[in-house]
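Sequence lines, in order, name chains P and H.
Residue numbers for the first sequence follow our numbering, beginning at 1 and rising by one.
Residue numbers for the second sequence follow our numbering, beginning at 315 and rising by one.
C-beta: ideal position from N, C-alpha, C; glycine also.
2 protein chains.
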Amino acid sequence: MYLIIFISASVILYQYQLSNAWLISQNSQEFHVLSPKTGDKPRSGSLFNASSISNTTPCFQEPEDLLPPLYVITPTYRRPEQLAELTRLSHTLMLVKNVFWIVVEDATNKNHLVAELLKKTGLKHEHLLAPMPELYRKKKGPKPRGVSNRNRGLQWIRQNAKTGVFYFADDDNTYDLQLFTEIRYTKRVSMFPVGLITKLGVSSPIVRNGRFSGFYDGWVAGRKFPVDMAGFAVAVEFLLQRPKALMPFRPGFEEDGFLKSLEPFEPQDIELLASNCTKILVWHTQTKKNEPSQPLDLAKYNSTNLVMLKQILV
Amino acid sequence: MYLIIFISASVILYQYQLSNAWLISQNSQEFHVLSPKTGDKPRSGSLFNASSISNTTPCFQEPEDLLPPLYVITPTYRRPEQLAELTRLSHTLMLVKNVFWIVVEDATNKNHLVAELLKKTGLKHEHLLAPMPELYRKKKGPKPRGVSNRNRGLQWIRQNAKTGVFYFADDDNTYDLQLFTEIRYTKRVSMFPVGLITKLGVSSPIVRNGRFSGFYDGWVAGRKFPVDMAGFAVAVEFLLQRPKALMPFRPGFEEDGFLKSLEPFEPQDIELLASNCTKILVWHTQTKKNEPSQPLDLAKYNSTNLVMLKQILV
Numbered sequence: 001m002y003l004i005i006f007i008s009a010s011v012i013l014y015q016y017q018l019s020n021a022w023l024i025s026q027n028s029q030e031f032h033v034l035s036p037k038t039g040d041k042p043r044s045g046s047l048f049n050a051s052s053i054s055n056t057t058p059c060f061q062e063p064e065d066l067l068p069p070l071y072v073i074t075p076t077y078r079r080p081e082q083l084a085e086l087t088r089l090s091h092t093l094m095l096v097k098n099v100f101w102i103v104v105e106d107a108t109n110k111n112h113l114v115a116e117l118l119k120k121t122g123l124k125h126e127h128l129l130a131p132m133p134e135l136y137r138k139k140k141g142p143k144p145r146g147v148s149n150r151n152r153g154l155q156w157i158r159q160n161a162k163t164g165v166f167y168f169a170d171d172d173n174t175y176d177l178q179l180f181t182e183i184r185y186t187k188r189v190s191m192f193p194v195g196l197i198t199k200l201g202v203s204s205p206i207v208r209n210g211r212f213s214g215f216y217d218g219w220v221a222g223r224k225f226p227v228d229m230a231g232f233a234v235a236v237e238f239l240l241q242r243p244k245a246l247m248p249f250r251p252g253f254e255e256d257g258f259l260k261s262l263e264p265f266e267p268q269d270i271e272l273l274a275s276n277c278t279k280i281l282v283w284h285t286q287t288k289k290n291e292p293s294q295p296l297d298l299a300k301y302n303s304t305n306l307v308m309l310k311q312i313l314v
Numbered sequence: 315m316y317l318i319i320f321i322s323a324s325v326i327l328y329q330y331q332l333s334n335a336w337l338i339s340q341n342s343q344e345f346h347v348l349s350p351k352t353g354d355k356p357r358s359g360s361l362f363n364a365s366s367i368s369n370t371t372p373c374f375q376e377p378e379d380l381l382p383p384l385y386v387i388t389p390t391y392r393r394p395e396q397l398a399e400l401t402r403l404s405h406t407l408m409l410v411k412n413v414f415w416i417v418v419e420d421a422t423n424k425n426h427l428v429a430e431l432l433k434k435t436g437l438k439h440e441h442l443l444a445p446m447p448e449l450y451r452k453k454k455g456p457k458p459r460g461v462s463n464r465n466r467g468l469q470w471i472r473q474n475a476k477t478g479v480f481y482f483a484d485d486d487n488t489y490d491l492q493l494f495t496e497i498r499y500t501k502r503v504s505m506f507p508v509g510l511i512t513k514l515g516v517s518s519p520i521v522r523n524g525r526f527s528g529f530y531d532g533w534v535a536g537r538k539f540p541v542d543m544a545g546f547a548v549a550v551e552f553l554l555q556r557p558k559a560l561m562p563f564r565p566g567f568e569e570d571g572f573l574k575s576l577e578p579f580e581p582q583d584i585e586l587l588a589s590n591c592t593k594i595l596v597w598h599t600q601t602k603k604n605e606p607s608q609p610l611d612l613a614k615y616n617s618t619n620l621v622m623l624k625q626i627l628v
């Protein structure tokens, strides 16, 4: 009899622990900043690959707050394609664990449609403003787009993050989920190929006999680091040890300037990802620009749904 | 004493039921084709909105096989942007429940990179081929792109589906998750606004006093249904009752021709979605075309990672 009671009690206790674990994973909405353990390597297999994040997500996954936090900095600006681009990128990020999305608008006021979109995703996020300085806005020729935004993102990271990794992810690019699994464990600066760059079709570190041996990029222009903005990720601690690191307002030299400002840091220090740079996990997709939409004939359509639609359009 | 045993037993039974429910939802990978109950309406709130599909997915959601199946037909063809576009769309679909992705290549052989991508997503899918007939391929001027593919998708649906809804989703468009929640309950043909179409910036049914009263589209051209391919969804049963419905090989008139082939069906029969067509839940985003990548200098790079990267590039 006592045996039965004992067994029952054990089973109840065990079940209680299970449901408790479930409750914990349910409530892990807060953002935990934890140091990755030394030697902690990207884990392959069922927990992290894309197929495990399908419709039937198992409940008893590793709590995501054990993963190093991933900060994704996305510069954006108002244009007809903006909401579409952010929507699409948000879907990718919604499949990534322990990610914090820093969206920085090149604007003086926050776009409420962007704020609503961010809220709807359920992602942990920060919505910031960083207008391009007048000085550059008035200049003729190519403009240093997204520099204010990215530097504002870096400032936020210096003020709020202690560990983890950050990545500059433009809203029109395309990211394989595997990319986030890999960059999360960056110790200093990791690099990897970016597809759809220049006439070569790809920009990548060159790897010979398993070691870094230069850069392959259609536009070198004397750059020490001829890479694309989407081609590298940086450890937060590495940045914090370099208080002067910043992106310069110099069109075409933003990446190079920023990476050089991370000194001491040499091309030989790069961590090579994407199976020694043999896979493409990110593409520099560019969206065709649309002209602002034509005005609505209010005399004709004043009491229709089109009035509300027009308020959304740029 | 017996009371304690009884309580213990009850608790165990209850816990067993809970974990059983969990196991069922775990194993729902198979595709269940169930009739939606009559009067089954889109349910709003926590189960279906985007924020509930965040990183902390609750375990005890409604089993997805109770939802009407959603068939997404995506025509695609080989080009530098193809893998990126399909990757991005797959992330959106990975957040949709009980979805079946029918990817149809305009090609004579299946691209193994597309097959690998499909497998990696974990989505229920079908990978089909439907090359454009020579007759149209040789013709000068605009070509009926994607028509073979979509008709092949329709053929698959006639052969394999009994209930649910299908939707033509091009790989470069952008879809809000809310769109899939809404179209899933289409009884005949549902329609909704599509952003980034023509100079008007949007194509949409016009709604006046809560009722359909025409179409707003920058290119009417005598079409009975001046709508975009991404602007409507059709119930499978409705299609099955129209054995002759097909898309014509007529550039610019694909949508109109297909919708007219669904007769008996009049514009007044349209089900209006997206809050009476006041919201934009899908955008006709177009990706900037890239030239095929330049050849690799094999004398210079023959023993590097670039050889493997070049095999992926178009």
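Between which two residues does the alpha helix (DSSP H) containing P:Ser233 stretch?
Looking at the sequence itself, residue 233 of chain P is Ala, so the reference to Ser does not match. From DSSP, P:Ala233 is part of no alpha helix (DSSP H) but of the beta strand (DSSP E) over Phe232 to Ala235.
Does DSSP put P:Val314 in a helix, in a strand, or in coil?
Three-state result, P:Val314: coil.
Only counting runs of 4 or more residues, tell me where the alpha helix (DSSP H) segments fall wholly within the segment 216 to 260 of chain P, in order along the chain.
Those alpha helix (DSSP H) runs which fall completely within the segment 216 to 260 of chain P and span 4+ residues are 236 to 240 and 254 to 260.
When we look at the beta-carbon of H:Thr422 and count the other beta-carbons within 10 Å, is it buried (16 or more) or exposed?
Classification of H:Thr422: exposed, given that the 10 Å Cβ count is below 16.
Less than 6 Å between C-beta atoms, sequence neighbours within five positions excluded: which residues of the same chain meet that for P:Thr287?
Glu81 and Asp172.
Determine the burial state of P:Gln159: buried for a count of at least 16 other Cβ atoms within 10 Å of its Cβ, exposed for fewer.
P:Gln159 should be labelled exposed.
From this set, H:Pro565, H:Ala547, H:Gly545 and H:Leu573, which residue's C-alpha is nearest H:Lys558's C-alpha?
Among H:Pro565, H:Ala547, H:Gly545 and H:Leu573, the Cα nearest to that of H:Lys558 belongs to H:Leu573.
Could you check whether the segment 605 to 622 of chain H touches the segment 173 to 189 of chain P, counting it as contact only if at least three pairs of C-beta atoms, one from each stretch, sit closer than 8 Å?
Touching, no, given that fewer than three Cβ pairs across the two stretches are closer than 8 Å.
Put P:Ile73 into one of helix, strand or coil per three-state DSSP.
P:Ile73: strand per DSSP, three-state reduction.
Starting from P:Phe100, follow the beta strand (DSSP E) in both directions and report where the run begins and ends.
Looking at the DSSP string, the run of the beta strand (DSSP E) that includes P:Phe100 is Val99 to Glu105.
Give a yes or no on whether 7 Å exceeds the smallest Cβ distance from P:Asn302 to chain H.
P:Asn302 does not count as touching chain H.
At the 7 Å Cβ level, is H:Gln600 part of the contact set with chain P, yes or no?
With 7 Å as the cut-off, H:Gln600 counts as an interface residue toward chain P.
Name the chain H residues that come within less than 8 Å of P:Glu81, Cβ to Cβ?
In chain order: Leu510, Trp597 and Thr599.
Per DSSP, what kind of secondary structure is H:Phe494 in: helix, strand or coil?
DSSP places H:Phe494 in helix when its eight states are reduced to three.
H:Thr592 versus chain P: which residues are under 7 Å apart at the beta carbon?
Chain P residues near H:Thr592: Asn305, Met308 and Leu309.
For chain P, is any of its Cβ atoms less than 7 Å away from the one on H:Arg522?
Judged by the 7 Å Cβ criterion, H:Arg522 is in contact with chain P.
Hey, how far is the Cα of P:Trp156 from the Cα of H:Leu510?
So the alpha carbons of these two residues sit roughly 33 Å apart.
Chain P partners of H:Thr488, CB-CB under 8 Å?
Neighbours of H:Thr488 on chain P, chain order: Ala84, Glu85, Thr87 and Arg88.
Using C-beta distances below 6 Å, list every residue in its chain close to H:Ala444, excluding the 5 sequence neighbours before and after it, in chain order.
Closer than 6 Å at the Cβ level, and outside the excluded window around H:Ala444, lie Val418, Ser462, Asn463 and Arg466.
Round the Cβ separation of P:Pro205 and P:Leu272 to the nearest angstrom and send it over; I've been treating them as touching at under 8 Å.
Indeed, because the Cβ distance is near 6 Å, the residues count as touching under 8 Å.
Cβ of H:Ala547 within 7 Å of Cβ of H:Val479?
Their beta carbons are under 7 Å apart, which means H:Ala547 touches H:Val479 by this criterion.
I'd like to know if H:Gly545 contacts chain P, where contact means its C-beta is closer than 7 Å to some C-beta of that chain.
It does not: the Cβ of H:Gly545 has no partner Cβ on chain P nearer than 7 Å.
Tell me where the alpha helix (DSSP H) around H:Val461 begins and ends.
It spans Val461 to Asn474 - the alpha helix (DSSP H) in which H:Val461 sits, taken as one unbroken run.
For H:Ala549, which option in H:Glu569, H:Leu576, H:Tyr530 and H:Met543 has the closest C-alpha, if you only look at C-alpha atoms?
The shortest Cα separation from H:Ala549 among H:Glu569, H:Leu576, H:Tyr530 and H:Met543 belongs to H:Leu576.
Leaving out five residues before and five after P:Tyr77 in sequence, what residues of the same chain have Cβ atoms less than 7 Å from its Cβ?
Only Glu105, Asp106 and Ala107 meet the Cβ criterion.
Between which two residues does the beta strand (DSSP E) harbouring H:Val479 extend?
Unbroken beta strand (DSSP E) run through H:Val479: Val479 to Phe482.
DSSP puts P:Met191 in a beta bridge; with which residues?
In the DSSP output, where bridge partners are listed per residue, P:Met191 has P:Phe232 and P:Leu272.
What residue range is occupied by the uninterrupted beta strand (DSSP E) comprising P:Arg208?
Segment Val202 to Arg208, the beta strand (DSSP E) holding P:Arg208.
To which residues of the same chain is H:Leu620 closer than 8 Å at the C-beta, ignoring the five residues directly before and after it?
For H:Leu620, where only same-chain residues beyond five positions count, the Cβ hits under 8 Å are Leu610.
P:Tyr167: which of P:Lys97, P:Cys277, P:Ala299 and P:Thr74 sits nearest, CA to CA?
Per the Cα distances, P:Thr74.
Apply the 10 Å Cβ neighbour rule to P:Val220 and answer buried if 16 or more other Cβ atoms are within range, or exposed otherwise.
Counting Cβ neighbours within 10 Å, P:Val220 comes out exposed, since fewer than 16 surround it.
From H:Ala429 to P:Val194, what does the alpha carbon distance come to, in whole angstroms?
So the two alpha carbons sit approximately 21 Å from each other.
If you measure between the beta carbons of P:Leu313 and H:Gly524, is that distance less than 7 Å?
No; because the gap between Cβ atoms is not below 7 Å, this pair is not in contact.
For H:Lys438, list the residues DSSP reports as bridge partners.
DSSP, once it has assigned bridges, lists H:Phe414 as partnering H:Lys438.
Do you know how far the Cα of P:Arg88 is from the Cα of P:Phe265?
Cα-Cα distance, rounded: 34 Å.
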